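Residue numbering for the sequence shown follows numbering that gives the first Met the number 0, starting at 0 and increasing by one per position. Glycine included, each C-beta is placed from N, C-alpha and C at the ideal position. Computed from a predicted structure; not experimentally measured. Scroll down for the structure; my scribbles are underneath it.
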Amino acid sequence: MKLSVIGVGPGNPELITVKAKHIIENSQLIFVPSMKKNLSSRAYHVALPYISKSAFIVPLYFPYFSNPQFSEIIQSNIDSIIVHLKLYKKAAFLIIGDPFLYSSYFQIHQFLQERFPEIKIEIIPGLSAYQLALSRLQIPAVG
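Next up, the structure:
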């Protein structure tokens, strides 16, 4: 089984990396995290031009840490990921920005690695809002 965690950039479909675009276009199973209980995910809307019409979309609700049912909801997301991955074998998990700068995926990464070592996890970095802001303002990150 393989899970590709894809940073889709800061919000513009034209800023998705070529590799991310290729994986999204070829994914038949796509996990879409959202802070609301629907497909209001920015990552989903950014990737939409590249998502196959035949792809199966699985929305995952990621609440704030302060939500009293946070642990149960996260466990439900993990269960959903495992069930779907067993059926499809490969999936994309969309993240706005970059997966390891800050993302909802943080909440499940270590658990998946430790409890399901048979899942190959591939991280596809994305352009972060921080990088976009520096470029627009023409400010170097160093110096």
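**Q.** Residue environment, Phe92, which counts as buried when at least 16 other CB atoms sit within 10 Å
**A.** buried
Q. Thinking C-alpha only, which one of Ser65, Leu131, Lys119, Phe61 is nearest Ser102?
A. Phe61
**Q.** Rounded straight-line distance, which links the Cα of Ile81 to that of Gln137
**A.** 43 Å
(Q) Can you tell me whether Val7 is helix, strand or coil according to DSSP? (A) coil
Q) So Glu13 is in the alpha helix (DSSP H); what residue range does that whole segment cover? A) Where Glu13 is concerned, there is no enclosing alpha helix (DSSP H), given that its DSSP letter is neither H nor E.
Q: Please say whether Ile23 and Ala46 have beta carbons closer to each other than 8 Å?
A: yes
**Q.** C-alpha distance - Gln27 paired with Phe99, whole-angstrom precision
**A.** 24 Å
Q | Whole-angstrom distance between Ala128 and Asp97, CA atom to CA atom | A | 9 Å
Q.
Can you list, in chain order, the residues of its chain with a C-beta nearer than 6 Å to that of Pro49? Leave out the 5 residues immediately preceding and following it.
A. Just to set this straight, residue 49 is Tyr in the shown sequence, not Pro. Contacts found: Lys20, Ile23, Glu24.
Q: Decide if the stretch 67-87 is in contact with the stretch 8-16; the criterion is three or more beta carbon pairs, one per stretch, under 8 Å apart.
A: no
Q. In three-state DSSP terms, what is Val82?
A. helix
(Q) Quick test of your reading: Ile123 and Ile29, contact by CB under 8 Å. State the CB separation rounded to the nearest angstrom. (A) Not quite, the Cβ-Cβ distance comes to about 13 Å (not below 8 Å), so this is no contact.
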